[in-house]
Amino acid sequence: MIAPSTTMKDSVVLQVRNLQVSYYTDAGRARALDGVDLTLCAGEKLGLVGESGSGKSTMALAMMRMIKPPGRIEGGQVIVDGTDLIHISDKAMLKARLSKIAYIPQGAMNSLNPVIRIGAQMMDAIKAHKDESTSDWISAADMEKRCKQALESVDLKSNVFKMYAHELSGGMKQRVCIAISILLRPKVIIADEPTSALDVVTQRQVMETIDRVQEQIGAAVILIGHDMGLMAQFVDKVAVMYAGRLMELSNVRDMFTDPKHPYAQALIRSLPNLENKGVFNGIPGMAPALLQLPGGCAFHPRCPYVMEICKTQRPEPTTLPGERIVECYLYPANA
Amino acid sequence: MASITLPQPEIYRPSRLTLLFGYMRRNIGLGIGLFILLLLVAFTLYGLATADLSHAYPLSVKGKQPPSWEFPLGTDFFGRDLYVAMVVGLKETAAIGFLAGALGTLIGVLLGFVAAYFGGWLDLIIKGICQILTPIPALLIQVIIAGSLDKRDVTIYTMAFVVVLLAWMGPTLVIRAQVLTMKERQFVSVAKLSGMGDLGIIFGEILPNLLPFIAAAFVNQVFIAVYASFLLAVLGLGPLREPLLGNTIWAAQTQSAFFNNWWWWPVFPAVALVLILGSLAFINMGLDELANPRIRRAE
Amino acid sequence: MTNLLELKNVSKIYSRGLLSQVSTTALNNVSLRLDDHEPTVMTVAGESGSGKTTLAMLLLGFIEPTSGQIFYKGQDIHTLRGEDRMMFRREVQAVFQDPFAVFNPFYTVDHLLSVPIDRFKLAKSKSEARDKMVEALTAVGLRPGDVLGRFPHQLSGGQRQRINVARALMLRPKLLVADEPVSMVDASLRANILETLRGLQKNYGVSVIYITHDLTTAYHVAKSIVVLYRGCVMEAGDVDTVIKSPQHPYTRLLVDSIPWPDINRRWGETQIKAREMDLTEQVVGCRFSSRCPFVMDKCSQDPPLFQLNHYQAASCYLLEGNPVIAPEKISDLLPV
Chain A
1 MIAPSTTMKD SVVLQVRNLQ VSYYTDAGRA RALDGVDLTL CAGEKLGLVG
51 ESGSGKSTMA LAMMRMIKPP GRIEGGQVIV DGTDLIHISD KAMLKARLSK
101 IAYIPQGAMN SLNPVIRIGA QMMDAIKAHK DESTSDWISA ADMEKRCKQA
151 LESVDLKSNV FKMYAHELSG GMKQRVCIAI SILLRPKVII ADEPTSALDV
201 VTQRQVMETI DRVQEQIGAA VILIGHDMGL MAQFVDKVAV MYAGRLMELS
251 NVRDMFTDPK HPYAQALIRS LPNLENKGVF NGIPGMAPAL LQLPGGCAFH
301 PRCPYVMEIC KTQRPEPTTL PGERIVECYL YPANA
Chain B
336 MASITLPQPE IYRPSRLTLL FGYMRRNIGL GIGLFILLLL VAFTLYGLAT
386 ADLSHAYPLS VKGKQPPSWE FPLGTDFFGR DLYVAMVVGL KETAAIGFLA
436 GALGTLIGVL LGFVAAYFGG WLDLIIKGIC QILTPIPALL IQVIIAGSLD
486 KRDVTIYTMA FVVVLLAWMG PTLVIRAQVL TMKERQFVSV AKLSGMGDLG
536 IIFGEILPNL LPFIAAAFVN QVFIAVYASF LLAVLGLGPL REPLLGNTIW
586 AAQTQSAFFN NWWWWPVFPA VALVLILGSL AFINMGLDEL ANPRIRRAE
Chain C
635 MTNLLELKNV SKIYSRGLLS QVSTTALNNV SLRLDDHEPT VMTVAGESGS
685 GKTTLAMLLL GFIEPTSGQI FYKGQDIHTL RGEDRMMFRR EVQAVFQDPF
735 AVFNPFYTVD HLLSVPIDRF KLAKSKSEAR DKMVEALTAV GLRPGDVLGR
785 FPHQLSGGQR QRINVARALM LRPKLLVADE PVSMVDASLR ANILETLRGL
835 QKNYGVSVIY ITHDLTTAYH VAKSIVVLYR GCVMEAGDVD TVIKSPQHPY
885 TRLLVDSIPW PDINRRWGET QIKAREMDLT EQVVGCRFSS RCPFVMDKCS
935 QDPPLFQLNH YQAASCYLLE GNPVIAPEKI SDLLPV
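Quick look at the structure:
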């Protein structure tokens with residue numbers, strides 16, 4: 001069972017401030033991220049939810065500084081353990097990846113090299129991201145031991161070290177990817193839809209594995225996805241994204257019982273559960289194209305509570321009791 | 336479930352021309368190749384329209400003249416105006432290239448499709464023949480064939496035929512491989528569900544998606560044809576009367592052009608050949624990128 | 635009462651190697667029946683490797699069973715020719731999982747809709763055809779002007795999948811095989827697509843076979859359920875009964891692992907034993923025995939189907955003592 005985490009409030013490991021990312025295409029500029037703010041403490045689990053095109057995957061790539069042209073990080077800071085990742089050199093960022101912040105991409109299990117043994121790939125990962133000159137450098141034998149330990153902590157037998165990717169099932173491959181991500185004990189782990197191609201039982205196994213390893217190394221986890229059910233089972237806080245903006249950030253209990261933002265409300269309402277069989281509550285309309293965002297609040301064309309001001313001015317984030325943040329004129333900023 | 340009709344803002348869609356030029360800028364190979372090819376075509380067309388084509392044949396003008404205003408590329412030992420010879424030569428090279436190229440590609444498409452789509456014995460036979468013929472040194476066989484033909488029978492068309500004889504296997508295998516993957520794609524299953532028969536699927540669903548590959552195979556075949564015909568001509572096995580590029584160089588060699596200081600005689604055809612083959616190679620590279628969306632650089 | 639569709643003891647075995655040394659049983663002696671006059675939504679639930687995709691391919695006539703027969707309106711589908719075959723093609727349609735793969739990237743999305751209209755002669759003129767397309771697209775909540783004339787890569791996944799469903803709507807088939815139609819679609823759009831599928835059955839008399847691994851959506855859409863594991867039927871019956879009180883250990887594991895979007899309903903304490911084994915391993919007896927927390931010696935013998943009540947049966951020795959029913963009779967249990 002996945003237990004809610006006990007966190008230490010002072011140990012903030014991740015701070016994202018006003019992150020801006022745009023893609024420059026032949027048809028114009030698409031603002032994939034338009035000023036996103038986040039804070040995470042050690043051991044905390046955050047769920048980042050949104051439809052396709054909401055910017056959640058871009059968020060992960062931006063934090064890892066893996067945005068490729070025609071995309072560009074245009075502003076903001078990503079501070080992990082005291083270091084602003086956006087403004088350090090490429091070389092320093094290379095070392096920071098995996099050692100400070102790790103990323104499990106969508107379909108990671110398909111990105112394991114098919115012609116190299118699992119163990120060799122894990123060792124490669126360590127060698128690539130560890131700094132040779134520092135005193136942290138460890139010998140090959142120690143590296144192997146660490147890899148095998150990582151495999152064990154994700155519930156795989158250490159003989160997987162010598163196997164090839166095709167000899168493993170989907171769930172096992174995904175757990176290998178989780179093992180790779182914890183090799184250097186990062187402070188933040190970003191998992192982008194880690195279970196999308198897996199069946200329900202394997203999905204549960206993988207999520208419970210992530211939970212267990214996260215507790216072991218005390219990292220913060222950002223789970224990106226669109227499955228609210230998974231969020232309810234796993235995370236402590238939920239952030240809802242829409243059109244590159246953060247609409248609401250609440251703890252998981254509040255988000256499911258009393259969502260504040262109209263979009264979050266519509267999302268929660270559309271979820272199937274055991275009581276309302278046969279009742280379908282889709283959200284009318286469609287998410288806007290990032291190339292042509294509506295003025296003011298991005299959600300206003302689909303919002304049942306839209307007011308005049310929503311169409312022209314983007315609302316400021318408001319803090320509500322219980323450490324909740326909402327961007328909506330229904331909750332005006334406290335005077 | 337309520338549905339709200341929403342005004343959908345118009346997304347700026349750039350014009351086709353802008354997209355084309357934008358693409359050329361990124362796919363430099365294709366751009367350069369097409370540009371050079373266009374220059375050559377323009378040169379040839381202009382020459383065909385303005386010059387006296389009989390000057391491409393011996394005893395037409397004063398011989399052994401270096402390049403000048405009157406004879407831009409000079410003249411040769413036999414009294415041919417090399418500029419006109421170049422123009423006619425380019426035209427005939429183009430003819431051989433396209434003829435052999437088209438024939439080779441056509442065979443490749445037909446056999447490749449049939450082998451891949453219908454499988455079974457047909458596939459085994461076609462694939463087998465291709466795999467057996469491929470390692471045979473084509474040039475050797477072509478030299479033997481061309482060499483044993485009566486000099487009077489060697490025309491542009493026999494040249495093209497000789498070249499195609501051993502070049503059709505490449506496109507066949509490539510097209511076959513592509514069709515094999517394509518026929519497993521889900522849109523083919525959906526087409527079957529929509530009532531499409533086999534022929535409809537081959538021509539309607541699979542063929543259009545293979546156009547970039549077929550184009551690339553065609554360019555490749557033209558390349559091979561031009562190169563092979565050039566080689567045969569340089570060895571003196573071409574239609575000797577025609578001013579093919581290779582023939583010109585062969586003639587120059589038999590008359591020891593360099594020793595006699597008639598440098599312009601072999602040099603210009605050589606340069607022309609490099610330009611032709613170079614442009615074809617660039618276009619081929621560019622088409623490779625077009626056909627394979629994974630290599631295609633992000634827009 | 636004629637049967638719309640009948641699978642009689644269908645098995646599909648794939649063999650590898652020159653001497654057929656290694657074989658995988660994708661489906662093992664499965665029998666199902668769908669009534670002609672009472673359209674229903676049946677869900678076939680299972681994880682990857684359970685045989686559900688093989689079942690879909692068999693139903694659509696794309697592959698042949700190794701043993702057993704498949705009947706459509708009383709005729710073996712692999713003996714159909716000519717007019718009858720065209721009728722089968724027209725009346726049995728599918729919605730696939732990947733919204734992008736079903737489109738031919740060379741054509742606009744119109745092609746997906748116009749081809750069947752043309753081949754099945756559903757319209758007498760171009761304008762009538764266009765009307766049909768517009769009608770179907772509007773019915774799934776799309777605006778035809780936004781979608782027609784565009785290329786598949788210009789549309790979102792949700793839009794593409796809705797077009798797929800519109801195609802099914804337009805063709806008014808008798809049987810629709812929906813293979814994971816919403817698993818690659820955003821959670822917020824699933825409601826819309828599922829509602830359309832349900833509507834097909836309610837309003838147009840289409841029988842739907844909804845294949846999925848997601849029991850949540852299955853619960854909302856279907857009336858009856860068949861749970862598959864490695865080619866064998868583990869449990870079958872009325873969807874409410876089976877999901878609310880699963881009897882087979884595998885079904886219990888599935889239901890327990892559903893991520894309900896309800897914080898008061900967290901994943902249970904049941905331990906899961908992973909499937910670490912090779913798919914081609916020959917298992918004797920109950921396929922689930924290697925992962926079952928209640929495994930007994932008896933399980934090395936293939937358990938028969940025990941009927942628990944009017945609308946539920948499971949293939950597990952834990953239920954020994956209940957009457958046994960033959961695999962062919964399983965469809966009697968499934969409500970309509």
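Residue numbers (the working numbering), protein chains in the order written: chain A, 1 to 335; chain B, 336 to 634; chain C, 635 to 970. Even glycine gets a Cβ: it sits at the ideal position worked out from N, Cα and C.
Burial state of residue i (16 or more Cβ within 10 Å)
i: B/SER483; result: exposed
i: C/THR914; result: For C/THR914, the predicted structure reports a pLDDT of 47, less than 50, and the residue's modelled location is therefore unreliable. The matter cannot be settled from this model.
i: B/ARG361; result: exposed
i: B/LEU374; result: exposed
i: C/THR851; result: buried
i: C/VAL644; result: buried
i: C/TYR884; result: buried
i: C/GLN935; result: exposed
i: C/PHE785; result: exposed
i: B/LEU459; result: exposed
i: B/TYR492; result: exposed
i: B/GLN466; result: exposed
Limits of the alpha helix (DSSP H) - the one that residue i falls within
i: B/VAL497; result: 491-500
i: C/MET676; result: Looking at the DSSP string, C/MET676 is not in any alpha helix (DSSP H); the run it does join, the beta strand (DSSP E), is 675-679.
i: C/CYS866; result: Counting along the chain, C/CYS866 falls outside any alpha helix (DSSP H), though it belongs to the beta strand (DSSP E) covering 866-872.
i: A/GLU215; result: 200-217
Amino acids of chain C, ordered along the chain, whose beta-carbon sits closer than 7 Å to that of residue i
i: B/GLN590; result: The premise fails here: B/GLN590 is roughly 54 Å from chain C at the closest Cβ pair, so nothing lies under 7 Å.
i: B/PRO543; result: PHE740
i: B/GLU540; result: ASN738
Contacts of residue i in chain A (Cβ-Cβ under 8 Å)
i: C/HIS847; result: ASP199 and VAL200
Selected residue, minimal CA-CA separation from residue i, among the options
i: C/ILE964; options: C/GLY695, C/CYS926 and C/LYS642; result: C/LYS642
i: B/VAL602; options: B/ILE480, B/GLY454 and B/MET421; result: B/MET421
i: A/GLU312; options: A/THR318, A/GLY295, A/GLN77 and A/HIS300; result: Note on identity: in this sequence residue 312 of chain A is Thr, with Glu being the wrong assignment. Out of A/THR318, A/GLY295, A/GLN77 and A/HIS300, A/GLY295 has the C-alpha closest to the C-alpha of A/THR312.
i: B/VAL569; options: B/VAL396, B/VAL449, B/LEU474 and B/THR516; result: B/LEU474
i: A/GLU44; options: A/GLU316, A/LEU291 and A/PHE234; result: A/PHE234
i: B/ILE464; options: B/VAL478, B/LEU446 and B/PHE453; result: B/LEU446
i: B/ARG576; options: B/ILE442, B/LEU394 and B/ALA377; result: B/LEU394
i: B/GLN477; options: B/THR490, B/THR469 and B/LEU500; result: B/LEU500
i: A/GLY53; options: A/GLN292, A/LYS173 and A/GLY171; result: A/GLN292
i: A/LEU223; options: A/LYS127, A/GLN216 and A/VAL238; result: A/VAL238
Per DSSP, the bridge partner or partners of residue i
i: A/TYR24; result: A/ARG29
i: A/GLY225; result: A/VAL49
i: A/THR318; result: A/VAL326
i: C/LEU810; result: C/GLN727 and C/VAL842
i: C/PHE940; result: C/ALA948 and C/VAL958
Partner residues on chain B for residue i, Cβ-Cβ distance less than 8 Å
i: C/MET804; result: The contacting residues do not exist; C/MET804 stays about 11 Å from chain B at best.
i: C/LEU638; result: Those do not exist, as C/LEU638 stays about 17 Å from chain B at its closest Cβ, beyond 8 Å.
i: C/PRO938; result: Ordered by position in chain B, no residue passes the 8 Å Cβ test against C/PRO938, which lies about 36 Å from the chain.
i: C/PHE785; result: None at all; the shortest Cβ gap to chain B is about 12 Å.
Where the beta strand (DSSP E) through residue i begins and ends
i: B/MET504; result: Segment 504-517 is the alpha helix (DSSP H) holding B/MET504; no beta strand (DSSP E) there.
i: A/MET241; result: 237-242
i: B/PHE453; result: Premise fails: B/PHE453 lies in the alpha helix (DSSP H), 417-453, not in any beta strand (DSSP E).
i: C/ASP669; result: 656-669
i: A/GLN77; result: 71-80
Residues that residue i contacts on chain C, provided the C-beta gap is smaller than 9 Å
i: B/VAL444; result: By Cβ distance, chain C contributes nothing, its closest Cβ being about 16 Å from B/VAL444, past 9 Å.
i: A/LYS267; result: Per the sequence shown, the amino acid found at residue 267 of chain A is Leu instead of Lys. ALA821 and SER822, listed in chain order.
Within chain B, the residues that residue i reaches when beta carbons sit closer than 7 Å
i: C/ARG723; result: LEU528 and GLY530
i: C/VAL855; result: Near C/VAL855 there are no residues of chain B at all, since even the closest Cβ is about 15 Å away, more than 7 Å.
Per-residue contacts from residue i into chain D (C-beta, under 9 Å)
i: A/ARG29; result: Looking at the structure shown, chain D is missing, and the protein chains on hand are A, B and C.
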